[in-house]
Each structure stands twice: as structure tokens, then as C-alpha cells.
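Add 29 to the 1-based position in the sequence shown for this note's numbering, that's all there is to it. First comes the structure, then the notes that go with it.
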Amino acid sequence: MGNSDLMQKNSPFFGPFSAATYRQRRHQLLKELSRQTSSDFVAFFWSGSELIRNNDNHYAFRAQSDFLYLTGFSEPDTMLILQSINGRKFSRLALRPRDLSANRGSEVWEGERLGVERAVKTLGVEEAFDIHQVSSEVEALLAKVPQIFWSFGEFPEWDLKFTRWIGKANTLSRGLPRIQAIGDARIQLHEMRRVKTAEEIKVMRESGRIASLGHIRAMKSLRPGRFEYEIASELEREFKKLGASDVAYGSIVAGGNNACTLHYKTNRERLKSGDLLLIDAGCEFETYASDITRVYPIAGKFSPAQAEVYNWVLKSQLAAIAACRPGAQFTAPHEAAVKVLAKGLIALGVIKRKSVGDILKHKLWRRYMPHGTSHWLGMDVHDTGTYTEEKNPMKPVRLRAGNVLTIEPGIYFRKDDKSVPPKYRGIGIRIEDDVLVTTRGHEVLTAPCPKKISDIEALCGPKM
Ligand code: GLY
Ligand code: MN
Ligand code: MN
30 MGNSDLMQKN SPFFGPFSAA TYRQRRHQLL KELSRQTSSD FVAFFWSGSE
80 LIRNNDNHYA FRAQSDFLYL TGFSEPDTML ILQSINGRKF SRLALRPRDL
130 SANRGSEVWE GERLGVERAV KTLGVEEAFD IHQVSSEVEA LLAKVPQIFW
180 SFGEFPEWDL KFTRWIGKAN TLSRGLPRIQ AIGDARIQLH EMRRVKTAEE
230 IKVMRESGRI ASLGHIRAMK SLRPGRFEYE IASELEREFK KLGASDVAYG
280 SIVAGGNNAC TLHYKTNRER LKSGDLLLID AGCEFETYAS DITRVYPIAG
330 KFSPAQAEVY NWVLKSQLAA IAACRPGAQF TAPHEAAVKV LAKGLIALGV
380 IKRKSVGDIL KHKLWRRYMP HGTSHWLGMD VHDTGTYTEE KNPMKPVRLR
430 AGNVLTIEPG IYFRKDDKSV PPKYRGIGIR IEDDVLVTTR GHEVLTAPCP
480 KKISDIEALC GPKM
């Protein structure tokens, strides 16, 4: 699929979908929330504001994912209000007004805004008003409804305003608490986000494909002596060339022992011949993330010791992917992965005089793989949605068709770890794919990114 099919030009929608999709999501959430309460209610979602990077220079703005999921709109300083009052359910948007003045911050300086007048028709909300009136509008609402949904902790500066509004609403009602319950709409919303629809899957497949092509470009550009950041720029250039708006998270491009730092971010070092390069990088395409990790030989060929460790991780990853099917517990892929890793740690002579059962029981693999095997993936790289059942937090949720999760086992042998035979020290391997659970089993969304040693070696480095 060419990305032109999915990219809308000249549209206020930052996301790929039509106003009808976002409207349907708002309606579904309103319906879910009305199951929680018999009272009138109102739920608030804030987009976020621009953040200063340094002095008067801002980071590129990208709206908070819950807000984006419900609106597709990505202007800062916007509040979505979902309300159910007297049996009428509808959406209101408080947003920045148009400003064509010469003042700093105006559209002349920063670009066109949608503005209040166009918001209803374009975004399909029932009502729009100027964000500068949000306090008085919210105070009026809080005087009317006994049940509120607020996402505490998401934007602490708004938590403070919100508690003031509540205080005021209760004072206005002469000391009788008007607000009787404050809930959190994220519980229902994140369950919706955890099950991807056919149109979301189409976008995530494209996100996975673009990320795979970025990795392939990085592989082809490998040369001993180049810097980690040079390889990062090759893959990020490919992401953007293919239509991604950004990286989904800071690319990890970690040569040699740097691969053993799980969140290595500096990407400043020079690549050494004979070392491996771990790349954990994915893109954001039309608001959906991909997340791929691969390990490449800098000089084009794995050494026998590197290949041994690599193949154990690959075997573990394939076993975990095979465990992804509807009805399986979320932890099933992880259990499959660590069982193979336990065998690998024995075979490599790293863990001695212990059985696989001992290693699993006492989690002895944790020293060499300190992270989990999976997380949900979607608009956020570590996507929303719980991992345990609501009614029984000790029980893992079951996988459902439409869930997307990563499968990313690893083995990290730090260069200073004396428990590891010297030939393996300084080797860090992680292999990560994005897996969609389907009605019949699964689909690997990042399958275009090679992971067999022979396929990787065929692509790495300069080719005649
Ligand atoms: N790139 C972040 C992760 O793999 O979880
Ligand atoms: Mn991941
Ligand atoms: Mn990753």
C-alpha cells in the first residue's frame, strides 16, 4: 500500500481517519461511561500545551493520545468535553480562536488555526467555544452535574485548576457537595484503545512496514568507523521519506557493550569492527507507533560467539510469537520466551548446575534480561490498556483479536559481568517485533524486517 492512500493533505486531522470515525469513538465512550453511572456526567480531555525546549524555542507539538484518539485534532490548548445531561449526549470543544494579528504567537507567526467557527463542521463536535472561556463554562457545568470524569495526573497544572473549580461549584451550592463522584474515563477509553479496528490495523501495518524499511536502510549503511548517530540519521531519514511524521520514541542505536544499557540514548560513539550494533527504533505514522529491535554485525558478519547468543534469543522470540493467539493469557508469550532463554543460558555455560525448572522458578534469567517480553502498542509506544483483569488483578488479561503487542526478549552480557564466559561479554541482543492478534492466531506487522542471520548478513554493509 502506498502511503498516499493514507495521508490526507490540507486537513486539520492529524490522524488518518475521517470525522465520522472520531465521532463514533466519542459516542462509544459516552455510551460506556453511561454504564458506569445513572447520573448526568461530564468528562474532560486536555490536548496538552506546547513545551519549551530552551529559552523561547518549543518542542514540536503532538497532542496527548487520548485526546487525539477522540478528536484526530492536534492543536495545543484544546479541551474536549463529553457530556451527558438530561439524556442528551454530546461533545464540545474549547479551542484557540483565530488570530490574524501581527502579535507573536498569532497565525501570522505560527500558522493557520482551525478556530472556533470552523470546528463544529470540520471535527463533527456539537459545539465549540473559545478556550479562554473554559473556566466559566466548566464552573457552570460543574454546578449542574453530580458525576465527573477527570484524568488525574495526566496534566498536573490542570489538576490544580480542576480542584479549584470543584471547590467553587460546591461553594456555589451553599456547602452541599454538588459533585458526588469523580471517576476516571481512562478505564473505559483505554479498553477501547486496546482493541484495534480494521482501519487502525491498516495504519499500524504501514507503520511497521516503514519502520522495517528504515532498519534495512540502516543495515545497508553500516561501516566500521561510522558513528551511532550517523546510522540513526539514516534510518530516521527513511522513516520521514516514507511518510512517517516522526520517530515513535528516541531511537536507540547502541554499538558493542552499549547494547546492554536498555535505554541507551546518547548515540554518540564510533562503531567498532567486530562489534554488534543494536538498533531499537520505530516510527510514528499517522499517529500510530511501530517498535522494532534488531542486532546487526558492524563488519557484516556475526562471530561464532555472537551468533550463538543471537540464535538463542531468536529461538526464544519465535517461541513467544507462536504463543500469540486469541484466548491465550498475556503472559503466555513471556513464559514461552523465558523457557527457551533458560535453556540457552545453560547451553552457553552462563548458568551452571541448575535445571530449567530452577531457573524459571527463581527467575535467574532476570540478571541477563531485566525487562519484560511484551507491552501493548498503538498510539503510544507503551500503549494504554491494563495487563491484568479488572476483577482479579492477579490474573493476566487474555489476548483478543485486535490487540497489538510487542515481542522482545533479549540477553545482555555486560562486559564486566564475571558470571559470563569471556567470549560472550559485551554482547547485548534483543529482537523485537510488533504482533497483531488475529481471530486465527497472529500477524507480525514488522515481518518485512529480516531477522535470520543469513538474511541480515546479506544486507549489512556496502554491496557491490
Ligand atoms: N523502544 C521501547 C521498547 O522497546 O519498549
Ligand atoms: Mn518495545
Ligand atoms: Mn523497542
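Every residue, glycine too, gets a C-beta built ideally from N, C-alpha and C.
By alpha-carbon positions, which one of the options ends up nearest to residue i?
i, options, result
"ILE216", "GLU104, PHE178, GLU461, ARG207", "PHE178"
"LYS330", "TRP341, ALA351, LEU305", "LEU305"
"TYR519", "LYS269, VAL379, ASN84, TYR258", "Residue 519 lies beyond the residue range present for the chain, which begins at 30 and ends at 493; the question has no answer from this structure."
"ALA172", "VAL149, ILE208, GLU220", "ILE208"
"LEU393", "LYS381, THR402, HIS404", "LYS381"
"VAL224", "VAL426, SER302, ASN287", "VAL426"
"TYR325", "LEU389, GLN162, GLY490", "GLY490"
"GLY284", "LYS270, LEU291, ARG299", "ARG299"
"THR100", "GLU141, ARG52, SER68, GLU139", "ARG52"
"SER67", "SER164, PHE96, HIS161, ALA210", "ALA210"
"ILE350", "TRP187, VAL367, VAL338", "VAL367"
"LYS118", "GLU220, ALA72, LEU129, VAL163", "ALA72"
"ILE260", "ALA310, LYS270, ARG222, THR290", "ALA310"
"ALA89", "VAL276, CYS289, THR360, VAL167", "VAL276"
"PRO105", "ASN84, GLU61, GLU139, GLY116", "GLU139"
"PHE442", "GLY373, ALA352, ALA348", "GLY373"
Look at residue i and residue j and say whether their C-beta atoms are less than 7 Å apart.
i, j, result
"ILE327", "TYR397", "no"
"ILE321", "ALA247", "no"
"SER113", "PHE70", "yes"
"ILE239", "PHE314", "yes"
"VAL369", "SER345", "yes"
"VAL232", "PRO45", "yes"
"ASP462", "VAL473", "yes"
"SER94", "ASP445", "no"
"ALA48", "GLY196", "no"
"PRO362", "ALA430", "no"
"THR107", "SER78", "no"
"ASN286", "GLY455", "yes"
"LEU143", "LEU111", "no"
"LEU343", "ILE436", "no"
"VAL433", "LEU389", "no"
"SER302", "CYS312", "no"
"ALA502", "LEU428", "This structure does not reach residue 502, given that the chain is present from 30 up to 493, and the question cannot be answered."
"PHE158", "SER103", "no"
"ALA371", "VAL385", "yes"
"PRO126", "VAL149", "no"
"VAL163", "ALA214", "no"
"TRP194", "VAL167", "yes"
Take the Cβ of residue i as the centre, count every other Cβ of all protein chains shown within 10 Å, and call the residue buried at 16 or more, exposed below.
i, result
"HIS244", "buried"
"PHE181", "exposed"
"ASN132", "exposed"
"GLN335", "buried"
"LYS481", "exposed"
"SER241", "buried"
"GLU235", "buried"
"LEU189", "exposed"
"THR402", "buried"
"GLY296", "Note on identity: in this sequence residue 296 is Asn, with Gly being the wrong assignment. The residue in question, ASN296, is buried, as its Cβ has 16 or more Cβ neighbours within 10 Å."
"ASP484", "exposed"
"ILE160", "buried"
"MET30", "Any answer about MET30 is weak, because its pLDDT of 38 lies below 50 and its placement is not dependable; what the coordinates show is given next. Burial call: exposed."
"TYR98", "buried"
"VAL137", "exposed"
"ASP412", "buried"
"GLU267", "buried"
"TYR317", "buried"
"ALA487", "exposed"
"HIS219", "buried"
Compute the minimum distance between the beta carbon of residue i and the heavy atoms of ligand 5, and state whether it is under 6 Å.
i, result
"TYR278", "This structure lacks ligand 5; the ligands present are ligand 1, ligand 2 and ligand 3."
Q.
Extract the residue ranges of the beta strand (DSSP E) inside the stretch 167-217, only unbroken runs of 3 or more that lie entirely within it.
A. Correct list: 176-178, 210-212.
Q) Whose beta carbon lies closer than 6 Å to any heavy atom of ligand 2, going through the chain in order? A) That gives ASP320, HIS404, THR435, GLU437, GLU461.
**Q.** Minimum length 3: unbroken beta strand (DSSP E) runs contained in the stretch 314-360
**A.** 321-326
Q | Minimum length 4: unbroken alpha helix (DSSP H) runs contained in the stretch 73-134 | A | 94-100
**Q.** In chain order, each alpha helix (DSSP H) run of at least 4 residues that lies wholly inside the stretch 247-308
**A.** List check, alpha helix (DSSP H) in window: 257-270.
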